[in-house]
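Taking it in order: structure first as structure tokens, then the write-up.
Numbering (my numbering), first residue to last: 143 to 835.
Shown next as structure tokens:
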């Protein structure tokens, strides 16, 4: 448990005294009814500590609607000091009050869901209102709303109950709508007002789904959005020294070509527990959203740059997405191991990874500024994942290393440096000087009517590859500014939900700063109409990917892609049971564009693969090629029973090829067979057999 704190009550003049406390750093927490709790750091003994309490305020407003709507309406608030979202009832006259909240920025939305049991009754909601402060008088008008129907399925199409479904007006933001699937894997999330929404799902034991964009409409029935979840992969192994003995507390760093966050659920759960213990969750009325349990497949504590092995030198990484992973181990008494590459498929487990540490030489150094003063607290980042800080003399000790190493030197307000060196049979000691980062960039955003654009996200990506990405938001005058930048080339990106994305190249000067004027346009829209080839019937639920946007077609087979900025966009359309189509669309000279995509009903082919004894072969690579051109059409792997299937093929003659998995490729020969596929039918019985070499 936590130590018993020292307590004192302030006097009429606000003075307080804490005595008999030990010397050294302490944390002072102050609280009083009607004020927000405040925490300050101090160094005992110390006099004149000032603690400023911020008063809490009531946020009041009105909901506009009919008496029947107001009778079942609630207002939900979320923001600076309120998590999870807090719901308050609405009075008969439409008024509501959210008492005693801290100053900050909040989002509010009103909703009047259907009465319990009346699933066909009309539902209402307001347009979400963001950037609200407690001193504002808020009005929320109820309008007709809908629910987003979602089906969550597993890798084999099975229903996933108790999956969490999130519907949000932006890819990252507050006021998300949450739902949970029933026993059939279905959920209806809402109510939400008409408009575009981002939808994704996650469930315990699965990786999160991709995020899709849907267009909620009142007058057009929404098709059920199907989201697929896949099983996570796992890596496990040991770290040994050069004598084959296990090394506890070795750091295993992980890099990948795919996005992954092993240990994330562990961190989230521990963070929640810490916040609850410290009383730091702000307003916590209502039901706390589900918090994922500890990841039982991940062994060893996570630290910055990797994870630590246990006392037996073991480590395990769970909840991994399919992809390529590079593992490397380091320890202060050894040089780092060689990098080991592991390639994982969905649900695959590789638990035989062994990383062997080597002998090494010390790597030390000292950092100074241009005034020859030591730089205290600078970060020295090594390519093996190790991070050390300089001491009061600017000195660092990175432990033992061997071979070629890359170091990045960073300090607040300084231009970072990258160094490559070779650690051989002798110790290496560095002396480096860091220069001050003096670059300044300012700018202003305006729309096509020369009006300032507030709330736009502005990101700056320096070209050197080691300087940090800078992010800020424009103020009410459309202004933004960066300082302490590394001089040189950079990429500037601007994003706002009402305008097309903007990018430009520029140079940050070393001094005097630079001011840029940027005009944003709403961009152009692309209306996509997906039809069945021949009949012309609309295809609902098709996935339309244009650039980095993914939108689902509605019941009429239509999808609207907004905020396009490029002169040409690549479009891919796919739907279950139909052949995937790809095309590109040029930006029209005037107005928006329309695209009609005719999908051909897909063919399918399935079969099995066995060895010379008639035993099924798992993980054999099955490729389908066009018999005339030899073009690769599809590639899959056989399952544990040696069976395989390929869907959504175009009609025609094909060659089916099978290659044995890596461990059998030295004793079994590849095999191929000619076949054909017919539109709307499944070609079955393509059974292949490996012969011995």
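Glycine included, every Cβ here is placed at the ideal spot set by N, Cα and C.
Check, Outcome
"Distance CB(residue 305)-CB(residue 345) smaller than 8 Å", "yes"
"CB contact flag (residue 587, residue 660, <8 Å)", "yes"
"Residue 516 - partner residues in DSSP beta bridges", "510"
"Residue 640 versus residue 156: straight-line alpha-carbon distance, rounded", "49 Å"
"Distance, residue 369 Cα to residue 379 Cα", "33 Å"
"Continuous beta strand (DSSP E) stretch holding residue 333: start and end", "328-334"
"DSSP beta-bridge partners of residue 666", "706"
"Secondary structure of residue 806, DSSP reduced to three states", "helix"
"Pick from 502, 533, 384, 820 that is closest to residue 836, judged by C-alpha positions", "A query on residue 836 cannot be resolved here, the shown segment of the chain reaching from 143 to 835 and no further."
"Span of the beta strand (DSSP E), counted from its first residue to its last, around residue 691", "691-694"
"Residue from 252, 209, 243, 224 with nearest C-alpha to residue 235", "209"
"Same chain, Cβ closer than 8 Å to residue 594, five either side skipped, listed in chain order", "586, 587, 588, 616, 618, 619, 620, 621"
"With 16 other Cβ atoms within 10 Å as the buried cut-off, status of residue 836", "There is simply no residue 836 to check, as the chain begins at 143 and stops at 835 in what is shown."
"Which of helix, strand or coil DSSP assigns to residue 201", "strand"
"Counterpart residues of residue 385 in DSSP-defined beta bridges", "Its beta-bridge partners do not exist; DSSP assigns none."
"Three-way DSSP call (helix, strand, coil) for residue 212 in this model", "helix"
"Inter-residue spacing [alpha-carbon to alpha-carbon] between residue 611 and residue 632", "10 Å"
"Neighbourhood of residue 508 by C-beta, 6 Å cutoff - its chain only, sequence neighbours within 5 removed", "536, 537, 573"
"For residue 284 and residue 211, believed in contact at Cβ under 8 Å, the rounded distance", "5 Å"
"Integer-rounded CB distance, given that residue 270 should sit under 8 Å from residue 201", "The Cβ separation is near 15 Å, so there is no contact."
"Chain-order list of residues whose beta-carbon lies under 6 Å from that of residue 750 (same chain, five-residue window excluded)", "784, 785, 829"
"Nearest neighbour of residue 642, chosen from 653, 333, 662, 481 [CA to CA]", "662"
"CB of residue 294 within 8 Å of CB of residue 331, strictly", "no"
"Selection from 296, 473, 821 that minimises the alpha carbon distance to residue 745", "821"
"Same chain only: Cβ atoms within 6 Å of residue 569, ignoring 5 sequence neighbours per side", "503, 504"
"Where residue 500 falls: helix, strand or coil (DSSP)", "strand"
"For residue 747, the first and last residue of its enclosing beta strand (DSSP E)", "745-752"
"Three or more C-beta pairs below 8 Å linking the segment 481-496 and the segment 549-562", "no"
"Range covered by the beta strand (DSSP E) that runs through residue 521", "521-524"
"Buried or exposed by the 16-neighbour rule on C-beta atoms within 10 Å, applied to residue 165", "exposed"
"Reference residue 683; option with closest CA among 673, 670, 699", "699"
"Burial state of residue 371 (16 or more Cβ within 10 Å)", "buried"
"Alpha-carbon to alpha-carbon, residue 167 and residue 186", "6 Å"
"Minimum length 3: unbroken beta strand (DSSP E) runs contained in the segment 337-399", "337-344, 354-358, 367-370, 375-382, 393-398"
"Cβ contact (3+ pairs, closer than 8 Å) linking the segment 729-742 and the segment 753-764", "no"
"Residue 420, DSSP secondary structure in three states", "Only weak support is given to the placement of residue 420: the predicted model assigns it a pLDDT of 38, under 50, and the question is left unresolved by the model."
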